[in-house]
Amino acid sequence: MLISKLSRVGFLIAKELSRGQYTYMSRTRFRQMPCGRYQRSLLELLPETRAFQGAIFQKHRDFSTSASNNASEGGDEQKETISVTFVSKDGEEIPIRVPMGMSMLEAAHENDIELEGACEGSLACSTCHVIVMDMEYYNKLEDPIDEENDMLDLAFGLTETSRLGCQIIASPELDGIRLAIPAATRNVAIDGYVAKPH
Amino acid sequence: MAIFGSRRFLSRSFWSLSPHPLRVCIVGSGPAGFYTAEKMLKAHQGSQVDIIDRLPTPYGLVRSGVAPDHPETKNVINQVSRVAQNGGCSFLGNIALGSSVSLAELRELYHVVVLAYGAESDRVLGIPGEDLKGVHSAREFVWWYNGHPDGRNLNPDLKSTDTAVILGQGNVALDVARILLRPTSELATTDIASYALTALEQSFIRKVYMVGRRGPVQAACTAKELREVLGIKDLCIHIKEADLKITPTDVEEMKNSRIHRRIYDLLSKAAVAGPSEPSSGRRELHFVFYRQPARFLESFDKMGYVSGVHLEKTALKGTGPGKQIAVGTGQSEDLSCGIVLKSIGYKSVPVDGLPFDNPKGVVPNIKGRVLSDNSGDPTLLENGLYVCGWLKRGPTGIIGTNLYCAEETVASVSEDLEHGVLASTASLPKPGRDGLLQILDNRNVRVVQFSAWERIDEEEKRLGSLRNKPREKLTTWEELLKAASE
């Protein structure tokens, strides 16, 4: 009872977040992504190629674009990916296809979505915090392990449907999941310790 | 909003078209500095961002603060080093603000100066005996085991005593306790400084007391660190059952704080699982709640050395909804020990020409904009000067906290550019990096650029591979500067 009430609050916040700031869309569209973004997503996957990042980056970009196109168009490959929608800090909805077995953190980076991953998915930070926007999907996820909960303690703007992006792994039942990236609102204390559950 | 958005866009592209880029200097290359650089480069393409640091090595507390047995926390280095390799960004090490170059000079050279140099000093207790030998700040101890070039001469005495007292129960206190109590075989494969590993291998410390003024509900640590210390192999955990009794106010406090609730649960479970047979030789960790240090005791046999802490018992007093402070009860007791590590908080140090709020230990600011004095008057701004990280909000929070902190500071810079607060200066070309390097060259300051740091990095990794460690840190200024130039 309490939980469902709390989760509604989280949901409403996320909803408000997307609605209230929708006018920002144009801003996001205009934004030219610096090449650092692409380098990051590539290097997350292939750390050993760091030295050659300049050379490979352009290739990688082409590759990931075509791969996601195939996935959304091709009938066969669609079975191996699920549909995921990220709602960015600016409130923009970004639909992407995510291959089975890939974490939402990796998927975000693959698709150039601004989600931090300071510890690179090793459960040592909370920077890939996402809010599952529908309780129905939140309940489909396996319960967080202690280590994930330890990090969620420190997540900024924690809600009852908060998870770490690195711990949500694409599987068939998650097809259609929507994830909000919490935005730092100005009037809230920015210290991780101060963030309170609702 | 849309108009605002496109204005933002225009101001963004302005810098890339301008022959005179926006020149930004960030002081401090820890998480706050690097995140600021990342956000700045993203928001103002074409700007030139220089990150200076007083050490020849970048990454601040990720290198000298994060415990050696937390390698996964250091992964953030992979991401921030990519920022340093961005064409618009330079790391310039071995430049001390205040001695190599003054703040006034930096403000002349750059359109925007962001101070993110953190907190390199300590809060003091201000009680008798604090200067006795054997009383150290936890920061000094952390610098020592992490091979900070200013920390290697600490030489903590771990041989004349079997008991250490740590004052404080935050994460730094837990890090220090863990390093003292963890089997050294588990530390041997980390990037811990080799002299510290040797000293810990020879250490006689068997008992560590962690003293907190308040109770288990108010402990300032986080669950990961607590879970870790509670799980150390062959360690006896001592928690007094009486200390776990809670009041309705405590219950209220826990209701409002998930982290405090979970910390209390962990401590309660550890108390139940508690020590069965304290066998000899087994290491012990004692959580001491509701005690505050009143004075340090001097040894009878060794003049000038600490031999214990005189503790006053405390009780909690409500000061507002969900807020309780510790007040002394007048009752006291002595706790014998041979070494004390004060883990009561870091403190920032001001530089010449910088407004500073001494009681709070931060630079007075509004959303990162530095205010001219402590009156809080938002119109008295230091043009072009900003703060981020611990210098801005005090020494709390985790690495990720700096993300939001940097976002806020960079948003302030962007707004000031848009509203013309900075435009009048920005339309003037500034010398930036070239001017800085010229001044430093005249003063014979040897700048360590990122490529030179990479040589240090290579050398440390090479030395580490010989000992099955991820790296063997170079821990003196000489070694670091030598490796940088080779």
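In order, the protein sequences belong to chains A and B. Numbering of the first sequence is given in full-length UniProt numbering, commencing with residue 1 and proceeding in unit increments. Numbering of the second sequence is given in full-length UniProt numbering, commencing with residue 1 and proceeding in unit increments. Every residue gets a Cβ at the ideal spot worked out from N, C-alpha and C, and that includes glycine.
| Query | Result |
| --- | --- |
| Residues sharing a beta bridge with residue 463 of chain B, DSSP | Paired residues: none, contrary to the question. |
| Other residues of its chain near residue 314 of chain B: CB distance less than 8 Å, five sequence neighbours each side excluded | 213, 214, 290, 291, 292, 326, 327, 328, 329 |
| Rounded C-alpha distance that separates residue 116 of chain B from residue 79 of chain B | 18 Å |
| Delimiting residues of the alpha helix (DSSP H) encompassing residue 98 of chain A | Unbroken run through residue 98 of chain A is the beta strand (DSSP E), 93 to 99; no alpha helix (DSSP H). |
| Best match in B:66, B:170, B:240 for proximity to residue 344 of chain B [C-alpha to C-alpha] | B:170 |
| Burial state of residue 104 of chain B, where buried means 16 or more other Cβ atoms lie within 10 Å | exposed |
| The ligand NAP heavy atom lying under 8 Å from the CB of residue 460 of chain B | Absent from the structure shown: the ligand NAP. Ligands present: none. |
| Cβ distance (whole Å) where residue 189 of chain B is taken to contact residue 201 of chain B below 8 Å | Residue 189 of chain B to residue 201 of chain B, Cβ: 13 Å. No contact. |
| C-alpha distance - residue 440 of chain B paired with residue 418 of chain B, whole-angstrom precision | 32 Å |
| Contacts that residue 88 of chain A makes with chain B (C-beta to C-beta distance below 9 Å) | Chain B residues near residue 88 of chain A: none, gap ~13 Å exceeds 9 Å. |
| Contact between the region 39 to 50 of chain B and the region 161 to 179 of chain B (3+ Cβ pairs under 8 Å) | no |
| Cβ-based burial, residue 93 of chain A [other Cβ within 10 Å; buried from 16] | exposed |
| Residue environment, residue 56 of chain B, which counts as buried when at least 16 other CB atoms sit within 10 Å | buried |
| Three-pair Cβ contact test at 8 Å for the region 373 to 390 of chain B versus the region 107 to 126 of chain B | yes |
| Residues from the region 377 to 404 of chain B in contact with chain A, defined by Cβ distance under 8 Å | 393, 396, 397, 398, 399, 400, 401, 403, 404 |
| Same chain, Cβ closer than 6 Å to residue 129 of chain B, five either side skipped, listed in chain order | 295, 296 |
| Beta-carbon spacing of residue 154 of chain A, residue 126 of chain A below 9 Å | yes |
| Spatial neighbours of residue 361 of chain B in its chain, beta-carbon cut-off 8 Å, leaving aside the 5 residues before and after | 119, 123, 347, 348, 394, 395 |
| Cβ-based neighbour list, residue 472 of chain B, same chain, cut-off 8 Å, excluding 5 preceding and 5 following | 191, 194, 460, 463, 464, 466 |
| Residue 293 of chain B - containing beta strand (DSSP E), residue span | 291 to 298 |
| Ranges of the beta strand (DSSP E) found wholly within the UniProt domain "2Fe-2S ferredoxin-type" (82 to 185) of chain A, counting only runs of at least 3 | 93 to 99, 129 to 132, 162 to 164, 177 to 180 |
| Minimum Cβ-Cβ distance from residue 237 of chain B to chain A less than 9 Å | no |
| Beta-carbon proximity list for residue 100 of chain B, same chain, < 7 Å, skipping 5 on both sides | 440, 443, 445 |
| From B:68, B:61, B:106, residue whose alpha carbon lies closest to that of residue 385 of chain B | B:106 |
| Three-way DSSP call (helix, strand, coil) for residue 106 of chain B in this model | helix |
| Beta carbon proximity, residue 161 of chain A to chain B, threshold 9 Å | no |
| The region 170 to 181 of chain B contacting the region 138 to 158 of chain B, beta-carbon criterion three pairs below 8 Å | yes |
| Residues sharing a beta bridge with residue 210 of chain B, DSSP | B:166, B:287 |
| Entirely enclosed alpha helix (DSSP H) segments - the region 61 to 139 of chain B, minimum 4 residues | 61 to 64, 76 to 84, 103 to 109 |
| C-beta contact flag for residue 84 of chain A and residue 107 of chain A at 9 Å | yes |
| Contacts around residue 54 of chain B, its chain only, beta-carbon distance under 6 Å, and the 5 residues preceding and following it disregarded | 96 |
| Close Cβ partners of residue 177 of chain A (< 6 Å) along its chain, the five nearest in sequence each way excluded | 84, 137 |
| Residue 25 of chain B - DSSP class collapsed to helix/strand/coil | strand |
| Straight-line Cα distance separating residue 103 of chain A from residue 432 of chain B | 42 Å |
| Residue 173 of chain B at chain A interface by Cβ criterion, 9 Å | no |
| Nonlocal neighbours in the same chain, by C-beta distance under 8 Å from residue 234 of chain B, ignoring five residues either side | 183, 282, 283 |
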